[in-house]
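Numbering-wise, the sequence shown is residues 1376 to 1626 according to the working numbering. Beta carbons are placed, not taken as given, at the ideal position from N, Cα and C, and that holds for glycine. All remarks here apply to the structure that follows.
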Amino acid sequence: MQRLFPVTDQTAAREWSLAELAEAYAYPDPDVPWLRANMVSTLDGAAQYDGRSQPISNATDMRIFGTLRALADVVVVGAETVRQEGYRPARARAEFAAAREAAGQPPAPAIAVVSASLELDFSLPLFTSPLVPTVILTGAAAAPERVAAAEKAGARVVFAGDGVGVEPDRAVRALADLGHHRLLTEGGPRLLGQFVAAGVLDELCLTLSPMLTAGDAQRIADGPPVAAPRSFALVSLLEEEGFLFGRYRRS
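Written out as C-alpha coordinates, the structure reads:
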(Lines of atoms letter the chains of each structure in order from A and count residues from 1; the text may use other names and numbers.)
(Lines give C-alpha, C1' and ligand atoms only; values in the text may rest on other atoms or scores of the structure.)
Protein backbone atom coordinates (compact mmCIF):
# COMPACT_ATOMS: atom_id res chain seq x y z
CA MET A 1 0.00 0.00 0.00
CA GLN A 2 2.43 2.69 1.17
CA ARG A 3 5.61 3.15 -0.80
CA LEU A 4 8.50 5.04 0.73
CA PHE A 5 10.99 6.92 -1.40
CA PRO A 6 13.95 7.74 0.91
CA VAL A 7 15.58 10.97 -0.20
CA THR A 8 18.89 9.08 -0.33
CA ASP A 9 17.57 6.45 -2.76
CA GLN A 10 14.67 7.48 -4.98
CA THR A 11 14.57 4.08 -6.70
CA ALA A 12 14.03 1.98 -3.58
CA ALA A 13 10.22 2.06 -3.65
CA ARG A 14 8.49 -0.77 -1.80
CA GLU A 15 5.63 -1.46 0.52
CA TRP A 16 6.13 -0.62 4.18
CA SER A 17 4.60 -2.37 7.15
CA LEU A 18 3.03 -0.44 10.03
CA ALA A 19 6.10 -1.17 12.16
CA GLU A 20 8.38 0.19 9.44
CA LEU A 21 6.27 3.32 9.16
CA ALA A 22 6.64 3.82 12.90
CA GLU A 23 10.39 3.40 12.60
CA ALA A 24 10.55 5.82 9.66
CA TYR A 25 8.65 8.46 11.63
CA ALA A 26 10.39 7.88 14.97
CA TYR A 27 11.17 10.97 17.04
CA PRO A 28 14.89 11.85 17.03
CA ASP A 29 15.38 11.99 20.82
CA PRO A 30 12.57 11.04 23.23
CA ASP A 31 14.24 13.00 26.04
CA VAL A 32 14.28 16.33 24.19
CA PRO A 33 11.05 18.22 23.36
CA TRP A 34 10.30 17.92 19.63
CA LEU A 35 7.27 19.58 18.05
CA ARG A 36 5.97 17.86 14.92
CA ALA A 37 3.02 19.04 12.85
CA ASN A 38 0.82 16.84 10.67
CA MET A 39 -1.27 18.64 8.06
CA VAL A 40 -2.93 18.05 4.69
CA SER A 41 -3.18 20.46 1.76
CA THR A 42 -4.70 20.36 -1.73
CA LEU A 43 -2.67 21.21 -4.83
CA ASP A 44 -4.01 24.76 -4.68
CA GLY A 45 -3.15 25.22 -1.02
CA ALA A 46 -6.44 24.55 0.77
CA ALA A 47 -6.10 22.98 4.21
CA GLN A 48 -9.84 22.26 4.45
CA TYR A 49 -12.96 21.76 2.39
CA ASP A 50 -16.24 22.96 3.85
CA GLY A 51 -14.39 23.67 7.09
CA ARG A 52 -12.98 20.15 7.54
CA SER A 53 -9.82 18.31 6.51
CA GLN A 54 -11.42 14.88 6.02
CA PRO A 55 -12.75 15.53 2.48
CA ILE A 56 -9.23 16.16 1.14
CA SER A 57 -7.68 13.19 2.94
CA ASN A 58 -7.64 9.46 2.09
CA ALA A 59 -7.19 6.11 3.83
CA THR A 60 -3.40 6.19 3.61
CA ASP A 61 -3.29 9.69 5.07
CA MET A 62 -5.39 8.44 7.97
CA ARG A 63 -3.07 5.45 8.43
CA ILE A 64 -0.09 7.79 8.75
CA PHE A 65 -2.21 10.04 10.98
CA GLY A 66 -2.75 7.05 13.29
CA THR A 67 0.93 6.13 13.25
CA LEU A 68 2.00 9.65 14.18
CA ARG A 69 -0.49 9.70 17.04
CA ALA A 70 0.77 6.31 18.24
CA LEU A 71 4.31 7.71 18.48
CA ALA A 72 3.36 10.90 20.32
CA ASP A 73 3.18 11.66 24.03
CA VAL A 74 0.64 14.40 23.42
CA VAL A 75 -1.43 15.75 20.53
CA VAL A 76 -1.77 19.54 20.57
CA VAL A 77 -4.84 20.99 18.86
CA GLY A 78 -6.60 24.33 18.67
CA ALA A 79 -10.03 24.85 20.22
CA GLU A 80 -11.65 25.71 16.89
CA THR A 81 -10.40 22.46 15.38
CA VAL A 82 -11.87 20.58 18.35
CA ARG A 83 -15.21 22.22 17.63
CA GLN A 84 -15.18 21.81 13.85
CA GLU A 85 -13.70 18.32 13.61
CA GLY A 86 -15.60 16.82 16.56
CA TYR A 87 -12.39 15.74 18.28
CA ARG A 88 -12.47 12.59 20.36
CA PRO A 89 -9.88 11.16 22.77
CA ALA A 90 -6.95 9.31 21.23
CA ARG A 91 -7.58 5.57 21.33
CA ALA A 92 -5.25 2.76 22.27
CA ARG A 93 -3.92 0.85 19.28
CA ALA A 94 -3.11 -2.83 19.79
CA GLU A 95 -0.45 -2.67 17.06
CA PHE A 96 1.52 -0.11 19.07
CA ALA A 97 0.79 -1.30 22.61
CA ALA A 98 4.10 -3.09 23.16
CA ALA A 99 6.16 -0.25 21.69
CA ARG A 100 4.41 2.37 23.83
CA GLU A 101 4.85 0.28 26.96
CA ALA A 102 8.55 -0.20 26.19
CA ALA A 103 8.90 3.55 25.70
CA GLY A 104 7.26 4.24 29.05
CA GLN A 105 4.20 5.81 27.41
CA PRO A 106 0.55 5.32 28.43
CA PRO A 107 -1.69 3.33 26.06
CA ALA A 108 -2.66 6.47 24.11
CA PRO A 109 -1.38 10.03 23.85
CA ALA A 110 -3.00 12.83 25.80
CA ILE A 111 -4.87 15.52 23.88
CA ALA A 112 -3.87 19.11 24.72
CA VAL A 113 -6.37 21.76 23.63
CA VAL A 114 -5.12 25.32 23.18
CA SER A 115 -7.88 27.74 24.15
CA ALA A 116 -7.92 31.34 25.35
CA SER A 117 -11.64 31.47 26.12
CA LEU A 118 -12.17 27.87 27.30
CA GLU A 119 -15.50 28.00 25.47
CA LEU A 120 -15.58 24.25 25.01
CA ASP A 121 -18.27 21.60 25.40
CA PHE A 122 -17.05 19.74 28.46
CA SER A 123 -19.71 17.05 28.00
CA LEU A 124 -17.84 15.68 24.97
CA PRO A 125 -16.01 12.33 25.25
CA LEU A 126 -12.74 14.25 24.84
CA PHE A 127 -13.27 15.44 28.42
CA THR A 128 -15.53 12.80 29.94
CA SER A 129 -13.90 9.54 28.82
CA PRO A 130 -10.27 9.88 27.68
CA LEU A 131 -7.77 7.12 28.43
CA VAL A 132 -5.38 9.89 29.51
CA PRO A 133 -6.78 13.11 31.03
CA THR A 134 -7.15 15.90 28.48
CA VAL A 135 -4.94 18.93 29.01
CA ILE A 136 -6.13 22.48 28.34
CA LEU A 137 -3.46 25.09 27.64
CA THR A 138 -4.62 28.62 28.33
CA GLY A 139 -3.45 31.96 29.68
CA ALA A 140 -3.25 33.00 33.31
CA ALA A 141 -5.97 35.62 32.71
CA ALA A 142 -8.53 33.03 31.57
CA ALA A 143 -11.98 33.36 33.12
CA PRO A 144 -11.89 31.59 36.52
CA GLU A 145 -15.37 30.12 36.05
CA ARG A 146 -14.31 28.48 32.77
CA VAL A 147 -11.15 27.13 34.39
CA ALA A 148 -13.27 25.69 37.19
CA ALA A 149 -15.68 24.13 34.67
CA ALA A 150 -12.80 22.51 32.79
CA GLU A 151 -11.29 21.09 35.96
CA LYS A 152 -14.67 19.84 37.15
CA ALA A 153 -14.99 17.96 33.84
CA GLY A 154 -11.69 16.21 34.55
CA ALA A 155 -9.38 18.25 32.34
CA ARG A 156 -5.96 19.38 33.53
CA VAL A 157 -5.65 23.15 33.02
CA VAL A 158 -2.12 24.41 32.41
CA PHE A 159 -1.26 28.10 32.14
CA ALA A 160 1.17 28.88 29.30
CA GLY A 161 0.87 32.65 29.05
CA ASP A 162 0.51 35.69 31.26
CA GLY A 163 -2.54 37.10 29.45
CA VAL A 164 -5.66 35.46 28.07
CA GLY A 165 -3.79 33.65 25.30
CA VAL A 166 -1.12 30.97 25.04
CA GLU A 167 2.50 31.71 24.17
CA PRO A 168 3.76 28.95 21.84
CA ASP A 169 7.22 28.59 23.39
CA ARG A 170 5.73 28.40 26.87
CA ALA A 171 3.22 25.80 25.69
CA VAL A 172 6.07 23.56 24.53
CA ARG A 173 7.91 24.03 27.83
CA ALA A 174 4.76 23.43 29.88
CA LEU A 175 4.04 20.16 28.10
CA ALA A 176 7.67 19.08 28.52
CA ASP A 177 7.36 19.82 32.24
CA LEU A 178 4.47 17.32 32.28
CA GLY A 179 6.78 14.72 30.74
CA HIS A 180 5.50 15.16 27.18
CA HIS A 181 8.54 15.44 24.89
CA ARG A 182 7.17 13.83 21.72
CA LEU A 183 4.74 16.56 20.67
CA LEU A 184 2.37 16.36 17.71
CA THR A 185 0.12 19.18 16.54
CA GLU A 186 -2.70 18.57 14.10
CA GLY A 187 -3.68 22.22 13.76
CA GLY A 188 -5.72 23.95 12.90
CA PRO A 189 -4.07 26.50 10.64
CA ARG A 190 -4.18 29.34 13.17
CA LEU A 191 -2.43 27.28 15.82
CA LEU A 192 0.20 26.04 13.37
CA GLY A 193 0.73 29.61 12.20
CA GLN A 194 1.46 30.64 15.77
CA PHE A 195 3.98 27.83 16.21
CA VAL A 196 5.68 28.77 12.92
CA ALA A 197 5.83 32.47 13.79
CA ALA A 198 7.29 31.67 17.22
CA GLY A 199 10.00 29.50 15.67
CA VAL A 200 9.19 26.43 17.78
CA LEU A 201 8.16 24.00 15.03
CA ASP A 202 10.79 21.29 14.53
CA GLU A 203 9.14 19.13 11.88
CA LEU A 204 6.29 19.18 9.37
CA CYS A 205 4.61 16.05 8.04
CA LEU A 206 2.63 17.31 5.05
CA THR A 207 0.19 15.35 2.92
CA LEU A 208 -0.22 16.87 -0.54
CA SER A 209 -3.64 15.83 -1.80
CA PRO A 210 -4.10 15.60 -5.61
CA MET A 211 -7.24 17.74 -5.46
CA LEU A 212 -8.23 21.27 -6.42
CA THR A 213 -10.89 23.15 -4.48
CA ALA A 214 -10.49 26.88 -5.30
CA GLY A 215 -12.54 28.94 -2.87
CA ASP A 216 -11.12 30.77 0.12
CA ALA A 217 -10.12 27.93 2.44
CA GLN A 218 -7.25 28.52 4.87
CA ARG A 219 -3.71 27.44 4.15
CA ILE A 220 -2.09 24.95 6.55
CA ALA A 221 -0.55 27.85 8.51
CA ASP A 222 -2.50 31.04 9.08
CA GLY A 223 -0.90 33.59 11.33
CA PRO A 224 1.54 36.47 11.61
CA PRO A 225 4.32 36.43 8.99
CA VAL A 226 7.87 35.52 9.89
CA ALA A 227 10.66 38.04 9.35
CA ALA A 228 12.19 35.76 6.69
CA PRO A 229 11.13 32.39 5.25
CA ARG A 230 12.25 29.48 7.42
CA SER A 231 14.07 26.63 5.69
CA PHE A 232 13.11 22.99 6.22
CA ALA A 233 14.87 19.96 4.71
CA LEU A 234 13.07 17.02 3.09
CA VAL A 235 13.68 13.83 5.08
CA SER A 236 11.44 11.32 3.30
CA LEU A 237 8.63 11.11 0.80
CA LEU A 238 5.82 8.57 0.43
CA GLU A 239 3.44 8.25 -2.52
CA GLU A 240 0.18 6.46 -3.15
CA GLU A 241 -2.34 7.12 -5.91
CA GLY A 242 -1.10 10.66 -6.42
CA PHE A 243 -1.03 11.57 -2.72
CA LEU A 244 2.41 12.67 -1.54
CA PHE A 245 3.40 12.33 2.11
CA GLY A 246 6.44 14.49 2.89
CA ARG A 247 8.42 14.76 6.06
CA TYR A 248 10.43 17.96 6.57
CA ARG A 249 12.75 18.94 9.41
CA ARG A 250 14.05 22.32 10.46
CA SER A 251 17.38 22.79 8.70
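- With a threshold of 16 other beta carbon atoms within 10 Å, glutamine 1569 meets it and is buried.
- Restricting attention to Ala1477, Asp1419 and Thr1503, the CA atom closest to the CA of glycine 1590 is found in Asp1419.
- Nearest to arginine 1557 by alpha-carbon distance, out of Tyr1623, Val1610 and Leu1410, is Leu1410.
- Relative to the Cα of arginine 1594, the nearest Cα in the group Val1415, Pro1408, Pro1405 and Ser1392 belongs to Val1415.
- With fewer than 16 other Cβ atoms inside 10 Å of its own Cβ, glycine 1554 counts as exposed.
- Bounds of any alpha helix (DSSP H) do not take in glycine 1621; it lies within the beta strand (DSSP E) bounded by 1618-1625.
- In the structure shown, threonine 1509 falls within a coil segment according to DSSP collapsed to helix, strand and coil.
- DSSP, read as helix, strand or coil, puts phenylalanine 1534 in strand.
- Taking the Cα positions, proline 1405 is about 27 angstroms away from leucine 1619.
- Contact between valine 1452 and glutamate 1578 does not hold, since the beta-carbon distance rounds to 17 angstroms and is not under 8 angstroms.
- Nearest in C-alpha terms to glycine 1538, of all of Ala1518, Ala1530 and Arg1548, is Ala1518.
- When C-alpha distances from arginine 1458 are compared across Arg1466, Ala1477, Ser1584 and Leu1493, the shortest belongs to Leu1493.
- Counted as a single uninterrupted DSSP element, the stretch harbouring methionine 1586 is not any beta strand (DSSP E), since DSSP gives it neither H nor E.
- For arginine 1545, the uninterrupted alpha helix (DSSP H) segment begins and ends at 1543-1552.
- The straight-line gap separating the alpha-carbon atoms of valine 1522 and proline 1585 is approximately 42 angstroms.
- Between the region 1442-1451 and the region 1607-1617 there are fewer than three inter-stretch CB-CB distances shorter than 8 angstroms, so the stretches are not counted as touching.
- Per DSSP, the beta bridge partners of alanine 1485 are Val1449.
- Taking C-alpha positions only, arginine 1466 is separated from alanine 1602 by approximately 39 angstroms.
- Taking C-beta atoms as the reference points, alanine 1454 and serine 1504 fail to come closer than 8 angstroms.
- Per DSSP, the beta bridge partners of leucine 1558 are Leu1410 and Val1449.
- For leucine 1576, the three-state secondary structure derived from DSSP is coil.
- The beta-carbon distance between valine 1507 and alanine 1485, rounded to whole angstroms, is 4 angstroms. This is short enough to meet the 8 angstroms contact definition.
- In chain order, Val1415 place their CB closer than 6 angstroms to the CB of serine 1432, counting only its own chain and leaving out the 5 sequence neighbours on each side.
- In the three-state reduction of the DSSP assignment, phenylalanine 1497 falls in the coil class.
- Distance between glutamate 1542 and valine 1407, taken at the CA atoms: about 19 angstroms.
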